[in-house]
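**Q** With the first letter of the sequence shown counted as 1, position 76 gets the number 76 in full-length UniProt numbering; the numbers rise by one all the way through. Each residue gets a CB set at the ideal place from its N, CA and C atoms; glycine is no exception.
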Amino acid sequence: MSSTPAKFQFSLALLKPDLCANPALIPLILNSLKNKNFKILGERRLLWNQSHAEKFYAEHRARNFLYHKLFAALLIKLFFFSSGPFVSLILSKPNAIREWRELIGPTHPFRARINSPNTLRALYGLTDTRNSFHGS
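#1: What are the boundary residues of the beta strand (DSSP E) that Pro94 is part of?
#2: Spatial neighbours of Glu43 within its chain, please: CB distance less than 7 Å, with the 5 preceding and 5 following residues excluded, ordered by chain position.
#3: May I have the straight-line CA-CA distance separating Phe81 from Asn37, to the nearest angstrom?
#4: What number of angstroms, rounded off, separates the C-alpha of Arg113 from the C-alpha of His52?
#5: Does the structure place the region 93-105 close enough to the region 7-21 that three or more beta carbon pairs sit under 8 Å?
#6: Quick one, which of Glu99, Phe56, Leu25 has its alpha-carbon nearest Tyr124's?
#7: Can a CB atom of chain B be found closer than 8 Å to the CB of Ser32?
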């Protein structure tokens, strides 16, 4: 019986401003990625203004029929993402998207600390917005 080979993928990984505020953490995260056999194809340090953040989150606005109820939460995210520098990474490996999301863990750090204590958000996340990582 043969198994289906894992699908080779690319994933966008963002190390958010709350994590990047402590530059000593960035090498720790990069080492975690290498230890999980991720290939880092690109790395870029960025500083967005609010317009850049709005473009990034436009997809959420377009697909969310409850947008009017979530407008305040979206504004908080926009302000947060434009609050300081962050790191953008292009990752690759088989099943990169799923494995990156598993490595960062649940969106809410307090839930991650209970349910997935070894994930990056459990270790480094602060709040629901300041959860240190984005994965897609």
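**A** By the coordinates alone:
#1: 86-94
#2: Val87, Leu89
#3: 28 Å
#4: 31 Å
#5: yes
#6: Leu25
#7: Absence of chain B from the displayed structure is noted, only one protein chain being present.
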